[in-house]
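Basically our numbering = 1-based index in the sequence shown + 130.
Below is one structure, written out as structure tokens, with a few remarks after it.
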Amino acid sequence: MDSNKQYPIRTSKKLKEIKNSLPDNITIGKLVNELLSEGNYILVIILIAPFLFPISFPGSSTPFGIMIILLEFANLSGKAVYLPKKASNYVLDASTVEKLFNILMKFLKYIEKISKPRGNLVSNMYLLKINSILIILLSVVLFLPLPIPLTDFIPAIAILVLSISNLEKDSYLMILGYLCVIGTFIYFASVGYVGVETIKLVLHNFGIYLI
């Protein structure tokens, strides 16, 4: 075993350092500007935190989702992140930041027990671009106004696992992330199928038949 081998700093440690350095009532724009040096994925897992709650923070879905999509487009293009004024000016008060980091720490506590640097998938640039595309698609799913349980939580978990796999340099965790993505799309396909069949049944009761 190579004792000189360098391992990435654990994501939870990075988050603790970030949390301690942030001022109160910070805007998303300032958060992004202050943390760009840490990389886009650390920002993604912070922005995905509201969706890990059973009930998302009111008004957070749109600005947070937009920022995640823009961060991943920046990953794909290699350009700087563009910040729309509405999303950039969204204010995170101290209590909200506390809740966001607490929920992230809870998930990281379990993920980091099984995660470690391994495999070479995380160094494949094509796979990293695929990851960005998948995160964009999952973020779009977060925008869907579905009054159905877990429609925020399930894609958020997939985004979280994929992002942490990049930060932790863990190819096995990346594979788990792909399984989460597949599970997410199966769940939404099932929801869509049940929804369509329910509509057909209701219309059938009124004597209306769809082709």
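We put the beta carbon where it would ideally sit given N, CA and C, even for glycine.
Being a predicted model, the structure only gives us computed values, none of them experimental.
When secondary structure is reduced to three states using DSSP, valine 221 falls in the strand class. The Cβ atoms of alanine 286 and isoleucine 178 lie closer than 8 Å to each other.
Within the same chain, Leu292 come within 6 Å of asparagine 261 by CB-CB distance, once the 5 residues on both sides are set aside. Segment contact: the stretch 300-309 against the stretch 248-256, three or more CB-CB distances shorter than 8 Å; contact assigned.
Within the stretch 153-178, the runs of alpha helix (DSSP H) that reach at least 4 residues and sit entirely inside it are, in chain order, 158-165, 170-178. Nearest to leucine 264 by C-alpha distance, out of Cys310, Lys143, Phe194, is Cys310. The C-beta of proline 153 has fewer than 16 other C-beta atoms within 10 Å across all chains shown, which makes the residue exposed. Taking C-alpha positions only, isoleucine 175 is separated from lysine 146 by approximately 13 Å. For aspartate 300, the pairing in a beta bridge is given by DSSP as Arg248.
The three-state reading of DSSP puts isoleucine 199 in helix, counting H, G and I together. Annotation for leucine 258: Asn205, Val252, Asn296 place their beta carbon closer than 8 Å to its own, counting only its chain and skipping 5 residues before and after. Taking a contact as a CB-CB distance under 8 Å, the pair phenylalanine 237 and leucine 280 does not count as one, their CB atoms being some 15 Å apart.
Excluding its 5 nearest sequence neighbours in each direction, serine 218 has C-beta neighbours in its own chain below 8 Å: Thr157, Ile158, Gly159, Val162, listed in chain order.
Inclusion of serine 142 and methionine 235 in the CB contact set at 8 Å is warranted, their separation being smaller than that value. The closest CA to that of isoleucine 241, considering only Glu298, Glu327, Ile312, Ala224, is found on Glu298. Assigned with DSSP and collapsed to three states, leucine 290 falls in helix.
Excluding its 5 nearest sequence neighbours in each direction, tyrosine 212 has C-beta neighbours in its own chain below 7 Å: Leu200, listed in chain order. Within the model, the alpha-carbon separation for valine 270 versus phenylalanine 336 is close to 34 Å. When the Cα atoms are used, leucine 182 and alanine 288 turn out to be separated by approximately 11 Å. Remark: C-beta atoms of phenylalanine 273 and glycine 195 approach each other more closely than 8 Å. For serine 151, the enclosing alpha helix (DSSP H) begins and ends at 141-151. Approximately 5 Å separates the beta-carbon atoms of isoleucine 266 and glutamate 202; this is inside 8 Å, confirming the contact.
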